[in-house]
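K.L.:
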Amino acid sequence: MAHQPPPARTASAGPPSAGGMQTPATTPGPGQGGGSNQNLNQIVLEYLAKKGYSRTEAMLRKESAHTDPNGQLITSRVEETGGKMYRTSFALLHNWIENSLDIYKPELKRILWPVFVHAFLNLVGDFYPRESKDFFEAFQELFASEHEDDLRVLGPITEPEHLQQNELAQLFRTNKYRLTISRLAFTNLIMFLEDHEKEGGTVIVNLIQNFLDVRTPDRQAAGGQRGLQRLLAERNGERDYPAEDEGIPGHNPGSANVSQSAPSVLSKLALGPMPMEPDMMEDVKAELQEQDGVHPPAAGQNSLVDEFEQRIKNEPMDDVPSREALPFPPSTARDVAMEVQKVKENRDRFRVEGRTGGVGPGLSVTMFTFHNTFDSINCIEFSGDNTLVAAGTAESYIRVWSLDNRALTSPSDPPTFQPSSSRRLVGHSGPVYCLSFSPSVALPQAQTNGHTSLDNSLDSQPRFLLSASADATIRLWSLDTWTNLVVYRGHQSPVWDVRFCPHGHYFVSCSADRSARLWSTPQIAPLRLMVGHDSDVESVAWHPNGAYVFTGSGGSDRTVRMWDITRGSAVRLFTGHVGNVTALACAPNGHVVASADDRGEIILWSLATGRLTKRMRGHGRGGIWSLDWSVESSVLVSGGADGTVRVWDVQPNKESNGKVVGEGGAGTKIDGATNGVGTGAVTKTGTGKAKKDVVVSPDQISAFPTKKSPVYNVRFTQMNLVMAGGAYLP
Amino acid sequence: MSVWNPENVIDVAESIGIASLPRDVVEHLARDVEFRMAQVVEEALKFMRHSKRTTLTTQDISQALRLLEVEPLYGYESTRPLRFGEASIGPGQPLFYVEDEEVDFEKLINAPLPKVPREMSFTAHWLAVEGVQPTIPQNPSQADQRNQELSAKGPGANSTLAAMSGNDNVSVKPLVKHVLSKELQLYFERTCSAIFEENNEEYRAAAFASLQTDPGLHQLVPYFVQFVADKVTHNLSALFVLTQSMMLISSLLENPSLYLAPYIPSLVPSVLTCVLGKRLGSPSQDGATTHFALRDYASSLLANVTRKYGSTSSTLKPRIARSCLKHFLDSHKPLGTHYGAILGLTTVAGAESVRELILPNLRAYSEGVLQDAIKDDGKREQAEHVVDAIMKGVRLLDEKELDQEALGDVVWQRVQEAGMV
Chain A
1 MAHQPPPART ASAGPPSAGG MQTPATTPGP GQGGGSNQNL NQIVLEYLAK
51 KGYSRTEAML RKESAHTDPN GQLITSRVEE TGGKMYRTSF ALLHNWIENS
101 LDIYKPELKR ILWPVFVHAF LNLVGDFYPR ESKDFFEAFQ ELFASEHEDD
151 LRVLGPITEP EHLQQNELAQ LFRTNKYRLT ISRLAFTNLI MFLEDHEKEG
201 GTVIVNLIQN FLDVRTPDRQ AAGGQRGLQR LLAERNGERD YPAEDEGIPG
251 HNPGSANVSQ SAPSVLSKLA LGPMPMEPDM MEDVKAELQE QDGVHPPAAG
301 QNSLVDEFEQ RIKNEPMDDV PSREALPFPP STARDVAMEV QKVKENRDRF
351 RVEGRTGGVG PGLSVTMFTF HNTFDSINCI EFSGDNTLVA AGTAESYIRV
401 WSLDNRALTS PSDPPTFQPS SSRRLVGHSG PVYCLSFSPS VALPQAQTNG
451 HTSLDNSLDS QPRFLLSASA DATIRLWSLD TWTNLVVYRG HQSPVWDVRF
501 CPHGHYFVSC SADRSARLWS TPQIAPLRLM VGHDSDVESV AWHPNGAYVF
551 TGSGGSDRTV RMWDITRGSA VRLFTGHVGN VTALACAPNG HVVASADDRG
601 EIILWSLATG RLTKRMRGHG RGGIWSLDWS VESSVLVSGG ADGTVRVWDV
651 QPNKESNGKV VGEGGAGTKI DGATNGVGTG AVTKTGTGKA KKDVVVSPDQ
701 ISAFPTKKSP VYNVRFTQMN LVMAGGAYLP
Chain B
1 MSVWNPENVI DVAESIGIAS LPRDVVEHLA RDVEFRMAQV VEEALKFMRH
51 SKRTTLTTQD ISQALRLLEV EPLYGYESTR PLRFGEASIG PGQPLFYVED
101 EEVDFEKLIN APLPKVPREM SFTAHWLAVE GVQPTIPQNP SQADQRNQEL
151 SAKGPGANST LAAMSGNDNV SVKPLVKHVL SKELQLYFER TCSAIFEENN
201 EEYRAAAFAS LQTDPGLHQL VPYFVQFVAD KVTHNLSALF VLTQSMMLIS
251 SLLENPSLYL APYIPSLVPS VLTCVLGKRL GSPSQDGATT HFALRDYASS
301 LLANVTRKYG STSSTLKPRI ARSCLKHFLD SHKPLGTHYG AILGLTTVAG
351 AESVRELILP NLRAYSEGVL QDAIKDDGKR EQAEHVVDAI MKGVRLLDEK
401 ELDQEALGDV VWQRVQEAGM V
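Protein sequences, first through last, are from chains A and B.
According to UniProt numbering, the stretch in the first sequence is residues 1 to 730, in order.
According to UniProt numbering, the stretch in the second sequence is residues 1 to 421, in order.
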């Protein structure tokens with residue numbers, strides 16, 4: 001009923017005679033008759049007085065008191081102005097917050113956005129098309145920087161029925177926006193609103209009551225997070241970020257339980273690496289021993305067996321996932337050989353030990369630039385053994401190249417076929433959005449003095465390639481015969497991302513149908529459905545132990561969730577992104593996950609505590625397409641649409657006041673002096689200049705620009721060399 | 001009221017036969033159209049994002065329509081951004097339309113096929129080496145980067161953290177001086193002089209033996225490469241020097257502890273010179289045909305290099321083959337050069353190159369150059385060598401592929417003599 005448009009209120013089109021809430025000002029009648037009307041009242045009053053009808057006279061006087069001399073109604077409450085009430089009330093709230101004490105301002109400012117959205121949605125729902133547009137235009141500037149995408153979605157909503165069909169509007173209307181404001185600030189706000197009850201206070205209070213879930217912790221109790229000092233420090237930092245527990249899927253930080261009465265205890269995670277099969281461990285050890293015999297370790301180097309045993313010794317025993325819960329096919333000789341090579345590469349790798357003495361490590365990056373793509377490449381993927389690169393195109397085919405210029409052959413090639421170093425895989429009927437090679441490690445070969453022998457052991461090649469496409473299917477390709485083996489159907493909408501499990505066999509995909517699915521390669525039906533995101537699931541990543549996956553969402557959701565794949569349930573929920581999540585990567589140590597969005601921000605989350613560790617900015621607009629961690633989990637590398645590869649220091653910032661890192665002649669250097677979670681150093685250019693769009697946070701170690709080539713993929717090899725892939729777009 | 005002009009709604013309504021629409025309805029519809037369009041664009045942006053593009057294309061829109069279960073618009077597929085024309089239908093009322101090219105069917109059919117677009121390919125380069133971006137043409141220059149925010153500024157910037165990035169002004173890495181130990185310098189001098197010791201066979205053998213086996217020579221490799229390049233360019237008439245230089249390279253290639261891949265591009269020109277050189281040695285001293293031995297040796301060296309390093313550089317083989325072919329096809333070059341070119345082509349790429357590169361040109365070559373040369377007494381000997389080289393290549397082929405037409409008379413005769421057909 002509420003959505004039946006009462007035609008009387010279409011202010012633009014309504015006939016002048018329309019009654020109801022129509023203010024008389026728009027009707028031409030009273031304007032000219034105002035004077036005579038006033039006179040008439042006077043005459044009647046005089047007449048009544050003369051006749052002695054004193055009670056009638058008093059009644060008339062009382063009743064005509066609500067109109068001004070022009071005969072217009074005098075409104076005492078803002079609610080009576082109809083559609084304009086939200087504008088007046090919101091302006092009131094905004095003004096008050098702008099002029100409030102600095103210690104409350106950052107907190108109170110956060111309430112403006114939900115109030116703005118709900119005021120706007122109410123205006124649309126009550127069918128005030130013109131007023132809603134005016135309201136939107138008057139205040140949208142306030143949120144332009146943080147909620148750009150949302151504003152773009154909300155802007156065109158003008159009709160009540162649009163509210164039903166707009167994802168974002170539905171989310172806001174059917175959920176309560178969770179917000180945390182310290183008690184004192186909130187009390188102040190409510191007192192102010194009550195004082196100004198008639199000028200709009202009630203309107204705002206109603207919105208807050210109906211649509212917001214305001215938490216009011218004590219400032220003292222909340223500790224450092226909301227301490228006075230912290231707030232004062234943030235004044236310079238221009239806090240444009242939502243708090244961790246703020247937003248529509250408002251949650252207890254870290255917990256995946258979004259109900260208001262959720263317990264604050266987080267479910268326990270098994271973050272240790274997957275234990276190795278005992279048989280396989282024996283095999284690997286034997287193999288390593290043999291290798292040690294053939295190539296004794298150089299001076300100062302550990303023997304391979306030592307290295308392996310050290311690794312096993314360092315592995316925690318308590319929080320490891322059980323092998324029984326996650327069955328794998330029995331291991332083969334190839335698995336043993338891969339494991340051996342991993343140990344070897346791990347020993348011989350270039351070490352990236354994080355910052356030593358404050359200096360970031362220097363990384364080497366090889367860039368693979370693709371030419372003549374005409375912007376038709378959607379994704380680039382390197383194989384684990386660094387021999388193959390695959391690109392998925394908008395023209396629905398996949399092309400695989402050999403990186404070392406070796407001919408790619410298949411046993412089913414006709415004898416006249418001339419093998420070249422690239423192959424096309426044709427099968428999808430829509431743009432290919434993501435590729436994933438099955439795990440592989442460059443297997444050892446007779447490698448003397450760097451001359452690669454010609455008979456490369458084919459074994460090191462990955463066996464399979466997965467591709468996800470807009471035709472809602474996932475396909476499995478054999479890299480031995482270069483043919484399509486399996487088509488996995490199940491998703492309802494374009495599949496955005498697909499990833500092989502770090503141990504192979506399983507893979508996870510995510511789609512525009514808001515679900516993520518777990519599959520195993522031999523089965524065509526999904527094993528688990530991971531449902532919970534309120535919008536497209538845009539990217540997925542595996543935990544290195546293969547027991548958890550991460551999903552990142554875009555649209556109106558913008559959360560990162562962590563799922564237990566054996567139970568298929570969410571175990572962590574991270575909110576805090578302001579853009580669509582475009583890339584995810586979990587650290588090899590299994591304790592931190594990094595997520596990046598298309599606003600150029602990278603956030604690190606601690607898994608055990610479920611809290612935000614830090615925000616890092618520096619990338620330009622347009623998306624960070626790929627993230628990866630160094631083998632030691634000490635450095636993060638990212639590549640994005642702005643055509644740069646950036647290297648980040650992942651050490652969490654300390655809450656303390658910084659420490660002295662070195663004293664030179666010039667003075668003392670303080671490291672991390674402005675450490676607050678998420679405060680980037682804002683370049684304060686002169687007052688006249690516009691604020692720069694991109695702010696580089698101090699955690700960036702280095703940035704390497706490419707020549708007009710957006711970077712689609714970055715990857716650390718087992719030896720800590722960074723490989724980056726991008727397309728040259730002149 | 002709405003961005004979408006309500007007049008359009010009236011136009012569409014009239015076109016489907018609804019003559020009069022109430023004003024209310026028109027405005028309502030106009031607002032709805034605007035909302036729907038925003039919805040489509042919003043969905044299309046998702047497709048743009050996942051295609052990792054920053055420009056929205058018509059394909060994104062049709063994908064979005066498909067996702068919203070609306071029939072996509074056909075006929076707007078385009079890989080390039082659309083060009084919009086503008087026409088005026090009255091003051092202040094511009095009309096935008098997609099420019100559609102008028103194509104004459106007749107012309108289109110008769111026109112030659114358009115050029116095939118270039119193959120998608122990739123190249124690799126170092127974007128950064130140990131945290132410092134090398135200034136090579138593949139990387140953007142300092143001027144290009146000026147408007148990009150590459151390093152943290154402001155009060156919170158941690159300059160020490162970024163010190164390795166090479167983009168800061170904190171410390172400039174000094175040019176690395178390549179320090180050679182005294183012993184190595186001495187070794188280098190001694191070896192170089194020993195190699196060119198014309199009268200002492202023993203010395204030379206010892207030097208080469210050392211080069212072939214010594215594991216500690218890596219630091220000297222660039223010096224040797226430079227040394228050979230110098231010697232070859234300045235001693236084109238001294239056959240002995242050239243031969244010794246080639247032997248030096250061959251010894252380096254044989255040394256199992258040297259990693260030569262990065263030096264191959266600078267080694268190959270010297271070797272090619274010895275294969276293709278116009279005048280190698282001086283005929284008066286060495287005789288007219290001794291240089292063929294050098295060419296033989298150098299071309300076998302070339303084959304060795306491409307076999308070993310062809311896989312590390314995808315352009316190595318084509319480059320060598322191209323320069324050989326160029327010299328082979330140039331009839332003004334002396335016969336010696338032709339000999340080297342044929343030999344080079346044969347050894348570098350085997351039967352494949354004989355079939356694809358030599359055979360098609362053989363007839364013309366035989367008629368244009370060989371026949372005259374064989375008749376000429378002064379050149380006969382050299383021409384015979386060339387014919388031998390061609391025969392070497394031809395032997396790699398199947399007998400089915402041989403016929404008089406393609407081979408030309410001179411070679412055909414030889415083929416018959418050899419009993420290959």
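All residues carry an ideal CB built from backbone N, CA and C; glycine is no exception.
None of the values given here were measured: they were computed from a predicted structure.
#1: Which class does A:Trp496 belong to by DSSP, given the choice of helix, strand or coil?
#2: Can you tell me whether B:Leu211 is buried or exposed, with buried defined as 16 or more other CB within 10 angstroms of its CB?
#3: If you compare alpha carbons, which of A:Cys510, A:Ser478 and A:Leu48 is closest to A:Leu408?
#4: Give me the chain B residues within the contact set of A:Trp496, using Cβ-Cβ distance strictly less than 7 Å, ordered along the chain.
#5: Is it buried or exposed, A:Arg599, if we count other Cβ atoms within 10 angstroms and call 16 or more buried?
#6: Decide if the stretch 177-194 of chain B is in contact with the stretch 213-231 of chain B; the criterion is three or more beta carbon pairs, one per stretch, under 8 Å apart.
#7: Whole angstroms is fine: what's the gap from A:Gly200's alpha carbon to A:Phe172's?
#8: Is the Cβ of A:Pro588 closer than 8 Å to any Cβ of chain B?
#9: Quick check on B:Asp32 - is its C-beta less than 8 Å from some C-beta in chain A?
#10: How many Å lie between B:Ala406 and B:Lys333 at the Cα?
#11: Spell out a yes or no on whether the stretch 521-539 of chain A and the stretch 6-24 of chain B are touching, meaning 3 or more CB-CB pairs, one atom from each, closer than 8 Å.
#12: Fully enclosed by the UniProt repeat "WD" (624-658) of chain A, which beta strand (DSSP E) runs are 3 residues long or longer?
#13: Looking at chain B, which residues of the stretch 141-154 of chain A have a Cβ within less than 8 Å of any of its Cβ atoms?
#14: Flag A:Thr369 as yes if its beta-carbon sits less than 8 Å from any beta-carbon of chain B, otherwise no.
#15: With DSSP as the reference, please indicate the residues paired to A:Lys614 in a beta bridge.
#16: I need the DSSP call for residue 795 of chain A, collapsed to helix, strand or coil.
#17: State yes or no: is the beta carbon of A:Asp195 nearer than 8 Å to at least one beta carbon in chain B?
#18: Quick one: what does DSSP say A:Gln700 is sitting in, helix, strand or coil?
#19: Check for me: the alpha helix (DSSP H) holding B:Tyr76 runs from which residue to which?
#20: Does the Cβ-Cβ distance between B:Leu294 and B:Leu276 come in under 8 Å?
#21: Buried or exposed for A:Met616, please, with buried defined as at least 16 other CB atoms from any protein chain shown within 10 angstroms of its CB.
#22: Would you say A:Ser383 faces chain B, with C-beta separation under 8 Å as the test?
#23: Closer than 7 Å by beta-carbon distance: list the chain A residues that pair up with B:Ile139, in chain order.
#24: Just verifying my parser: in three-state terms, what is the DSSP assignment at A:Met719?
#25: When DSSP builds the beta bridges, which residues end up paired with A:Ala570?
#26: Specify, as a first and last residue, the run of the alpha helix (DSSP H) that B:Ser193 falls within.
#27: Mind pulling the chain B residues with CB within less than 7 Å of A:Thr373?
#28: Excluding sequence positions up to five away, which residues of its chain have a Cβ less than 8 Å from the Cβ of A:Pro217?
#29: Note down, one range per segment and in chain order, each beta strand (DSSP E) of at least 3 residues found wholly within the stretch 327-364 of chain B.
#30: Straight-line CA distance for A:Arg567 to A:Arg463?
#31: Check whether the Cβ of A:Arg406 lies closer than 8 Å to any Cβ atom in chain B.
#32: How far does the alpha helix (DSSP H) with A:His491 in it reach, from first residue to last?
#33: Residues of chain B with CB closer than 7 Å to the CB of residue 735 of chain A, please, in chain order.
#34: If we count Cβ pairs, one from each stretch, closer than 8 Å, do we get three or more for the stretch 400-417 of chain A versus the stretch 21-28 of chain B?
#35: Tell me which same chain residues have a C-beta within less than 6 Å of the C-beta of A:Gly555, skipping the five on either side of it?
#36: Counting only beta-carbon atoms, is B:Leu67 nearer than 8 Å to chain A?
P.N.:
Judging by the given coordinates:
#1: Taking the first residue of the first sequence as 1, we reach residue 496 of chain A at position 496. Residue state, collapsed to three classes: strand.
#2: One-based indexing of the second sequence puts residue 211 of chain B at position 211. Buried, by the Cβ-count rule.
#3: Start at 1 with the first residue of the first sequence, and residue 408 of chain A comes out as number 408. For the options A:Cys510, A:Ser478 and A:Leu48, the alpha carbon positioned closest to that of A:Leu408 is the one of A:Ser478.
#4: Locating residue 496 of chain A in the first sequence gives position 496, counting from the first residue. Those are His50, listed as they occur along chain B.
#5: As a working mapping, residue 599 of chain A is identified with position 599 in the first sequence. Classification of A:Arg599: buried, given that the 10 Å Cβ count is 16 or more.
#6: The stretch 177-194 of chain B, when compared against the stretch 213-231 of chain B, does touch it at the 8 Å Cβ threshold.
#7: To locate residue 200 of chain A, count along the first sequence from 1; it is residue 200. To locate residue 172 of chain A, count along the first sequence from 1; it is residue 172. Between A:Gly200 and A:Phe172, the C-alpha separation is close to 22 Å.
#8: Your numbering for residue 588 of chain A matches position 588 in the first sequence. Chain B, which has no Cβ nearer than 8 Å to the Cβ of A:Pro588, makes this no.
#9: For the purposes of this step, residue 32 of chain B is identified with residue 32 of the second sequence, where counting begins at 1. For B:Asp32, the answer is yes, since a Cβ of chain A falls inside 8 Å of its Cβ.
#10: Here the question's residue 406 of chain B lines up with position 406 in the second sequence. Here the question's residue 333 of chain B lines up with position 333 in the second sequence. Take the alpha-carbon of B:Ala406 and the one of B:Lys333: they are about 22 Å apart.
#11: Contact between the stretch 521-539 of chain A and the stretch 6-24 of chain B is absent: fewer than 3 CB-CB pairs across the two stretches fall below 8 Å.
#12: 624-629, 635-640 and 644-649
#13: Against chain B - using a Cβ distance shorter than 8 Å - the residues of the stretch 141-154 of chain A are Arg152 and Val153.
#14: Locating residue 369 of chain A in the first sequence gives position 369, counting from the first residue. By this cut-off, A:Thr369 is an interface position.
#15: On the first sequence, position 614 is the one that residue 614 of chain A refers to. The partner list for A:Lys614 (beta bridge, DSSP) reads A:Leu604.
#16: In the structure as shown, chain A starts at 1 and stops at 730, and residue 795 of chain A therefore has no counterpart that could be examined.
#17: By 1-based counting over the first sequence, the position of residue 195 of chain A is 195. Output row for A:Asp195: interface = no.
#18: Taking the first sequence and counting its residues from 1, one reaches residue 700 of chain A at position 700. Of the three classes helix, strand and coil, the one that applies to A:Gln700 here is strand, per DSSP.
#19: Position 76 of the second sequence, counted from the start, is the residue given in the question as residue 76 of chain B. Taken as a continuous stretch (DSSP letters only), B:Tyr76 belongs to no alpha helix (DSSP H), as it is neither H nor E.
#20: To locate residue 294 of chain B, count along the second sequence from 1; it is residue 294. To locate residue 276 of chain B, count along the second sequence from 1; it is residue 276. Contact: no.
#21: As a working note, residue 616 of chain A is residue 616 in the first sequence. By the neighbour-count rule (16 or more Cβ atoms within 10 Å), A:Met616 is buried.
#22: Translated into the one-based positions of the first sequence, residue 383 of chain A becomes position 383. Judged by the 8 Å Cβ criterion, A:Ser383 is not in contact with chain B.
#23: The residue you call residue 139 of chain B lines up with position 139 of the second sequence. For the sequence presented, residue 139 of chain B should be read as Asn rather than Ile. Those are Lys707, listed as they occur along chain A.
#24: Walking along the first sequence from the start, residue 719 of chain A turns up at place 719. Coil, per DSSP.
#25: As a working note, residue 570 of chain A is residue 570 in the first sequence. According to DSSP, A:Ala570 bridges with A:Trp563.
#26: On the second sequence, residue 193 of chain B is found 193 positions in, with the first residue counted as 1. For B:Ser193, the enclosing alpha helix (DSSP H) begins and ends at Lys182 to Ile195.
#27: Within the first sequence, the letter at position 373 stands for residue 373 of chain A. At a C-beta separation below 7 Å, A:Thr373 has these neighbours in chain B: Met120.
#28: What you label residue 217 of chain A is simply residue 217 of the first sequence in a count that begins at 1. Cβ within range, chain order: Thr180, Ser182, Arg183 and Arg226.
#29: none
#30: On the first sequence, residue 567 of chain A is found 567 positions in, with the first residue counted as 1. On the first sequence, residue 463 of chain A is found 463 positions in, with the first residue counted as 1. Going by the C-alpha atoms only, they are around 29 Å apart.
#31: Translated into the one-based positions of the first sequence, residue 406 of chain A becomes position 406. True, the Cβ-Cβ gap to chain B drops below 8 Å.
#32: As a working note, residue 491 of chain A is residue 491 in the first sequence. For A:His491, no alpha helix (DSSP H) segment is defined, and its DSSP state is neither H nor E.
#33: With chain A represented from 1 up to 730, any question about residue 735 of chain A goes unanswered, as that position is not in the structure.
#34: no
#35: Numbered from 1 along the first sequence, position 555 holds the residue referred to as residue 555 of chain A. So the list reads Ser535 and Asp536, once near-sequence residues are dropped.
#36: Against the second sequence, residue 67 of chain B aligns to sequence position 67. Chain A, which has a Cβ nearer than 8 Å to the Cβ of B:Leu67, makes this yes.
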